[in-house]
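Reading through the structure tokens given below for one structure.
Chains as they are written, first to last, in the working numbering: chain A, 10 to 234; chain B, 2 to 393; chain C, 1059 to 1375.
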């Protein structure tokens, strides 16, 4: 019973949504179901927020390792929540825009949230370098092709590429490194990506059918017997 | 904020009072017809433009469309540019009769067409524009189901070895031997993404082994619903392993929905706890390399998988094993080893066959058409293009 | 920003800084190369240090390289260049602050180019945050460089409307239905820029700047193709490869990442001397990008030297 009901719901909703694509009077059904999901997900946020608080409050009260940082999390959580919900520090009244100029909410967003996010994103520059150093080694024929392609793209995305092969006459312009880089991205790279996309599309079909037909049940909790 | 001065010109559609009236011929043959394959809410109006509507030196400045509902007074519903010869009227009702007429306007005169017949938008129950899509979907779905049934009857099906999945047991074993944690990251999307579902199904298999070996598993997530689903999955695995007491809700915890906030938290866990094994399976974006490189720096064995082609190169560079696109979706079936699940993988091959055949045929015919320009070849090519084009 | 009035001492200091940092990087890489021959691995934090210096040095001591526009970028430039003055161009700001470093320079460059050619610009956005990004163009480009241009006559900002492709589906047949007024609540019919414009089909060019969703793909699918309107785009580098198939049929040209923006800026400076002293953020950003790419390539070479030496040593055993 515990598993039967979700399986029936999955089968009915899945089948109906597939057919709704081909039946004009049902064409908005998919959109509506997405909305239902969003509504459920919003309520589920209480579970997430509650869990976050529970984890950090436990850490704080039991003085577990690095408990000091939990204070930052809890204070940050409640402060931002208060600024957003009760418009604390907002020049307007309770009906004012959350992002009104000069509001604490917007100030914290601009001066704390955005720079912190950018900092994490900027780590990519460092990690791209260390990953390239390890990954691009001419271990075999395929790896060597990859290495050469990487070099052409890296050069092609800088003025150095123009500088090195700028002398090549325009009738052979495809051999200039920036154009070669575009060709690699446009032809071999794209062909590969498309093949992967076709595979993914079919993978999704097969996975969805397993779910709709109730063959795959792991997501409902545990394996089937 | 300072708003620069603004000139307020006269309304665009006012008629100028010139001394000589510019006479124009009216648009002719207005015809209204039902817009096919909709929910009975649109009509298509076509007409022949006025003979004074010329690309160069034409006297027609615009067309106004008028509509009469159930024989009532005609009201202007749209203005169109010169050269226009059709209009799609939307948001209509299938129980109302509509009639139209078109008016051509010069700078100081107007000429109206006759009124069309009065018709109702028709509701169609099947969208025949999508008939080819329906047949292709039917063939693929039927072949998946056929192979599932074949497998159920006990026929052995060959599925190639997937290195990343062969390594799952070894990776869990390694964490057990070292007495360290297994970190499972299910991507940053919610349960409505099929990649997250795939990750949760793999989690089911992984946590079953984890429960058997009594290894520690840690799963920080970015979505509340994923947290709930993951807890249920792990709990069920511990129950079926006969060790419900060893399960603990803290194995899965919610961090934040915010992409880089989540990355910061997961990176912190990696650096502090130094997990022996890391699974990165699901929908990943710019954070893929940040997570994978940090995992690599703490010496963890990493198995990654995603259906986001743009992130695959990063995983391949930084992880030990990568499940490429469809392999992520195949993983759960593969790990289960059940014939009926493996049968569904076999069904995909029929879809691939159709795709390959279509590509080959398309390339061949395009080349012949470009060289020889035969009408029959072009017709066949157009037909194939139509079959594989989704129009609404 | 350096210009003709920067004192000579400051210029000399910048030159010295540039030389010192480049020497430092070159010497360090050479040292690592020699160590690699002796089979000494490079530590991760050493790589990070080199990347830090190679990104920071060109920012502290601005280094501008010469750029030549590739055909995909040149196509967009030539299109705007060839339109007669008074043509109607729509710029859609489909991006948020996170994408801004890569695509804001493009948005600013397009605005400069259209305004100097005397085209009329309609600004809008499919991202709610695009509105804030337009404010930057207003404050950094339109007000200081084109004070004579009048809001409503030479350009208009109609702002953001929720609905993604739904918005496009409407404006392909009727602008006014979706945007009855501009952001300052001026009615559609009294805005000079919109004179003679009923829908997107009446525009001479549409440029979507961004790369996310909704973005250029939606513009092509819902407006460019059905309405037969010329469309160009400027997108983040990571998105560009997915858009090449649209070029040149459905997209007349595209700018990919900082490199594309830099090519456009250099083309603009080359054609219009009045922009000689205008900010060229993308050209400036190419300094760090170029140096970082060179350093990454150097590390790939070092990694391969290590690999080859290691294999040779194993072979000897």
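The beta carbon of each residue, even a glycine, is placed where N, CA and C say it ideally should be.
Here the structure is a predicted model, which means the values were calculated and not measured.
| Query | Result |
| --- | --- |
| Taking residue 1303/C as the query, report the chain A residues whose CB atoms sit under 7 Å from its CB, ordered along the chain. | 199 |
| Against chain B, does residue 1256/C count as a neighbour if the rule is that its beta carbon must be under 8 Å from one of theirs? | yes |
| Return helix, strand or coil for residue 239/B, following the three-state DSSP convention. | helix |
| Using the DSSP secondary-structure output, state which residues sit across from residue 113/B in a beta bridge. | 104/B |
| Starting from the C-beta of residue 190/B, find all residues in its chain whose C-beta is less than 6 Å away, skip the five residues before and the five after it, and write them out in chain order. | 197 and 284 |
| Measure how close the beta-carbons of residue 1161/C and residue 1264/C come, nearest whole angstrom, since I'm counting them as under 8 Å. | That pair is no contact at about 16 Å. |
| Name the chain C residues whose beta carbon is nearer than 8 Å to that of residue 177/A? | Those within 8 Å of residue 177/A in chain C number zero; the least Cβ separation is about 12 Å. |
| Along the stretch 45-57 of chain A, where does the CB come closer than 7 Å to a CB of chain B? Name the residues. | 46, 50, 53, 54, 56 and 57 |
| Report the residue ranges of all alpha helix (DSSP H) runs contained in full by the stretch 1170-1233 of chain C; include only those spanning at least 4 residues, in chain order. | 1188-1195 and 1223-1229 |
| Using a Cβ-Cβ cutoff of 7 Å, what residues of the stretch 77-90 of chain B are near chain C? List them in chain order. | 79, 80, 81 and 82 |
| Is it the case that the Cβ atoms of residue 25/B and residue 95/B are separated by a distance below 8 Å? | no |
| Assuming residue 1125/C contacts residue 1320/C (C-beta within less than 8 Å), just tell me the rounded distance between them. | 5 Å |
| What does a CB cutoff of less than 7 Å around residue 186/A pick up in its chain, not counting 5 residues either side in sequence? | 161, 164, 165, 170, 173 and 174 |
| Would residue 206/A count as contacting chain B if we go by Cβ distances under 8 Å? | yes |
| At the 8 Å Cβ level, is residue 1360/C part of the contact set with chain B, yes or no? | no |
| Taking its Cβ as the centre, do 16 or more other Cβ atoms sit within 10 Å of residue 90/A, making it buried, or is it exposed? | exposed |
| Check whether the Cβ of residue 72/A lies closer than 8 Å to any Cβ atom in chain B. | no |
| Hey, residue 271/B and residue 299/B: beta-carbon distance below 8 Å or not? | yes |
| Is there at least one Cβ from chain A nearer than 8 Å to residue 1329/C's Cβ? | no |
| Which bits of chain C does residue 43/B rub up against, with CB to CB less than 8 Å? | Chain C residues near residue 43/B: none, gap ~12 Å exceeds 8 Å. |
| Could you say which of 1347/C, 1362/C, 1078/C and 1358/C lies nearest to residue 167/A if we only look at CA atoms? | 1347/C |
| Excluding the five sequence neighbours on either side, which residues of its own chain have a C-beta within less than 6 Å of the C-beta of residue 1325/C, listed in chain order? | 1127 and 1135 |
| Can you name, in chain order, every residue of its own chain whose Cβ lies under 7 Å from the Cβ of residue 83/B, other than the five neighbours on each side? | 54, 59, 61, 62 and 63 |
| DSSP beta-bridge partners for residue 32/A? | In DSSP, residue 32/A forms no bridge with anything. |
| Shortest alpha-carbon distance to residue 257/B belongs to which of 35/A, 59/A and 22/A? | 59/A |
| Would you kindly work out how many angstroms separate the C-alpha atoms of residue 268/B and residue 41/B, rounded to a whole number? | 54 Å |
| Roughly how many whole angstroms lie between the Cα atoms of residue 388/B and residue 1269/C? | 30 Å |
| Short check: CB of residue 279/B to CB of residue 296/B, under 8 Å? | yes |
| With 16 other CB atoms within 10 Å as the buried threshold, where does residue 48/B fall? | buried |
| If you run the structure through DSSP and keep just helix, strand and coil, what is residue 1079/C? | helix |
| If you draw a straight line from the alpha carbon of residue 179/A to that of residue 1313/C, how long is it in whole angstroms? | 21 Å |
| Might you give, ordered along the chain, the residues of its own chain that have their beta carbon closer than 6 Å to the beta carbon of residue 82/A, omitting 5 neighbours on each side? | 65 |
| Are the beta-carbon atoms belonging to residue 101/B and residue 31/B less than 8 Å from one another? | yes |
| Give the interface partners of residue 1223/C over in chain D, defined as CB-CB distance under 7 Å, in chain order. | Among the protein chains in the structure shown, which are A, B and C, there is no chain D. |
| Taking beta-carbon pairs under 9 Å, can you tell me which members of the stretch 361-375 of chain B lie near chain C? | none |
| What residues in the stretch 160-188 of chain B have a beta carbon less than 7 Å from any beta carbon of chain A? | none |
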